[in-house]
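J.: Numbering (the numbering used here), first residue to last: 40 to 282. Glycine included, every Cβ here is placed at the ideal spot set by N, Cα and C.
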Amino acid sequence: MNNPKEKLSKKIAKSLQIDILNGKYASGSRLPSERNLANLFSASRITVREAIEKLMQLGIVEKRPNSGTYVNEISAQASIMLMMEITNYSEAVDSDILISMMDFRRVIEVYCVARVAQRASTADIADIKKIVSDMKCRMDDKQSIALLNFNLHSSLIRLSGNKVIQLLFNSFNPIYQYYIEFFHLLPNASTDIISYYERLLVAIEMGDDRYAAHIMEELLFYGENRVKKAINLVENGKQIKIR
Numbered sequence: 040m041n042n043p044k045e046k047l048s049k050k051i052a053k054s055l056q057i058d059i060l061n062g063k064y065a066s067g068s069r070l071p072s073e074r075n076l077a078n079l080f081s082a083s084r085i086t087v088r089e090a091i092e093k094l095m096q097l098g099i100v101e102k103r104p105n106s107g108t109y110v111n112e113i114s115a116q117a118s119i120m121l122m123m124e125i126t127n128y129s130e131a132v133d134s135d136i137l138i139s140m141m142d143f144r145r146v147i148e149v150y151c152v153a154r155v156a157q158r159a160s161t162a163d164i165a166d167i168k169k170i171v172s173d174m175k176c177r178m179d180d181k182q183s184i185a186l187l188n189f190n191l192h193s194s195l196i197r198l199s200g201n202k203v204i205q206l207l208f209n210s211f212n213p214i215y216q217y218y219i220e221f222f223h224l225l226p227n228a229s230t231d232i233i234s235y236y237e238r239l240l241v242a243i244e245m246g247d248d249r250y251a252a253h254i255m256e257e258l259l260f261y262g263e264n265r266v267k268k269a270i271n272l273v274e275n276g277k278q279i280k281i282r
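#1: For ARG145, which residues does DSSP report across the bridge?
#2: At the level of alpha carbons, what is the spacing between GLU274 and MET141?
#3: Note down, in chain order, each residue of its chain lying with its Cβ closer than 6 Å to the Cβ of ARG238, except the 5 sequence neighbours on either side.
#4: Count the other CB atoms within 10 Å of the CB of PHE208; is the residue buried (16 or more) or exposed (fewer)?
#5: Measuring straight from C-alpha to C-alpha, what distance separates GLN56 and SER193?
#6: Could you check which residue in ARG144, LYS50, PHE221 and MET178 has the C-alpha nearest to that of ASP231?
#7: Restricting to runs no shorter than 4 residues, where is the alpha helix (DSSP H) found entirely within the segment 56-107?
#8: Rounded to a whole number of angstroms, what is the C-alpha to C-alpha distance between LEU186 and GLN216?
#9: How many angstroms separate the CA atom of PHE80 from the CA atom of LEU240?
#10: Do SER83 and CYS151 have their beta-carbon atoms positioned less than 9 Å apart in this structure?
#11: Check this for me: beta carbons of ALA156 and MET245, under 9 Å apart or not?
#12: Let's see if you can read the secondary structure: which residues bound the alpha helix (DSSP H) around SER160?
#13: Are the beta-carbon atoms belonging to ILE51 and ALA90 less than 9 Å from one another?
#14: Can you have a look at SER75 and say buried or exposed, based on whether 16 or more other CB atoms are within 10 angstroms of its CB?
#15: Leaving out the 5 sequence neighbours to the left and right, which residues in its chain are closer than 6 Å to ASN188 when beta-carbon positions are compared?
#16: To the nearest angstrom, how far is the alpha carbon of SER72 from that of VAL110?
#17: Let me know if LYS46 comes out buried or exposed under the rule of 16 or more other beta-carbons within 10 Å of its beta-carbon.
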């Protein structure tokens, strides 16, 4: 059975988190007092305190004795849990965060595909071939090919054998899925990437980790540039809807 007080504290934490990320409460500024927040959200001070503790766990705020609750510099203090909150529950993300995630994805996937080329079994390669083959057969079905594309990248992450990278990739699933779905709606995007995957397969079959890494980097740069151009994506704090 859900605890109404716990539910309200999460709602308050979420509202304050959005206000902080949107700049209503700047880094270094003090949040309203517990009493004022309680009045603002029509909640008890205990419920507000629980919401503040949630923000502290995410590294968004800190309490200073006899002074109040202050907003941290997000990039310096926040943890990966905050990024998970943003990607799993937010309606939009700042453009600079989205670009940073593209950069991060490129770094880990280039590394992972090199690992796959070094260690993939015959069965692993057959699985990858099957996904690429299915993609070729579904060029006109944007939703299906986007899902297959996502599954292919997920498989490469898994086959790399790095558990930490797998967990990080899983944490960002919602935004990666949106990104890939958006990409496949762009003109000729689906047909253009098939040649990359065909060359990637050859590199993996040959066990050529450097060539595989090179192709993956080319592929991801191509996708990034298409998406950036389509939405005029620049690092300017612009909010990009992801749902």
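T.: According to the data block:
#1: DSSP output for ARG145 lists no bridge partner at all.
#2: Confidence is the limiting factor: at GLU274 the pLDDT is only 47, short of 50, which leaves the residue's position unreliable, though a coordinate-based value still follows. Computed Cα separation, rounded: 12 Å.
#3: ILE254
#4: buried
#5: 30 Å
#6: Answer by Cα proximity: MET178.
#7: 73-80 and 84-96
#8: Whole-angstrom Cα-Cα distance: 8 Å.
#9: 55 Å
#10: no
#11: yes
#12: Note, SER160: premise wrong, no alpha helix (DSSP H); not H, not E.
#13: yes
#14: A small correction: the amino acid at residue 75 is Asn; Ser does not occupy that position in the sequence shown. Label assigned to ASN75: exposed.
#15: Cβ within range, chain order: ILE219.
#16: 13 Å
#17: exposed
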